[in-house]
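Each step along the sequence shown adds one to the number in the working numbering, with nothing skipped, and position 81 is 1174.
Virtual Cβ for every residue (Gly too), placed ideally from N, Cα, C.
Here the structure is a predicted model, which is why all the values come from computation and not from measurement.
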Amino acid sequence: MHEASLAVGMLEKITEIAKKENAKKVLKVRVKIGKLSGVVVDSFKFAFDATKKEFLFTENAVLEIEEVPAVYRCFDCGKKFETETAYFPECPECKSLNVTILSGEELQVVDLEIDV
């Protein structure tokens, strides 16, 4: 389960930021996880909650996750579209495979709510 190592890495970085900001504690962590990121959201949340008590500042932090859909744009006709697959997505308008991904690969901390 690579979600555990991702959660631990994120908590390490959050601890660094909290120290730099002279925080007493981290109240909330907001993250974006893309549908194509390879991260299982429930497993990531479980890993975050299971390990947050091991880090300074994050013992009671609440994790909020925004799931980002896979959005592509077709180079041939310009249509933007969502899909659940990363394997040869086809434009629903013109059936072209000449597409680029616009979103869905994210795994990022959006912001932290801290108590100073």
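Residue i burial status per 10 Å Cβ neighbour count (16 or more: buried)
| i | result |
| --- | --- |
| E1096 | buried |
| A1163 | buried |
| L1149 | exposed |
| T1151 | buried |
| T1176 | buried |
| S1098 | exposed |
| C1187 | exposed |
Of the residues the options, the one placed nearest residue i, counting alpha carbons only
| i | options | result |
| --- | --- | --- |
| E1204 | T1151, L1099, K1125, Y1180 | Checking the sequence, you will find Asp at residue 1204 rather than Glu. Closest by alpha carbon: K1125. |
| I1107 | F1141, L1129, G1131, K1128 | F1141 |
Identity of the residues DSSP links to residue i by a beta bridge
| i | result |
| --- | --- |
| A1163 | T1176 |
| E1157 | R1123 |
Whole-angstrom distance between residue j and residue i, CA atom to CA atom
| i | j | result |
| --- | --- | --- |
| Q1201 | V1155 | 16 Å |
| T1144 | E1198 | 24 Å |
| E1147 | R1166 | 42 Å |
| L1190 | V1119 | 44 Å |
| R1123 | G1171 | 32 Å |
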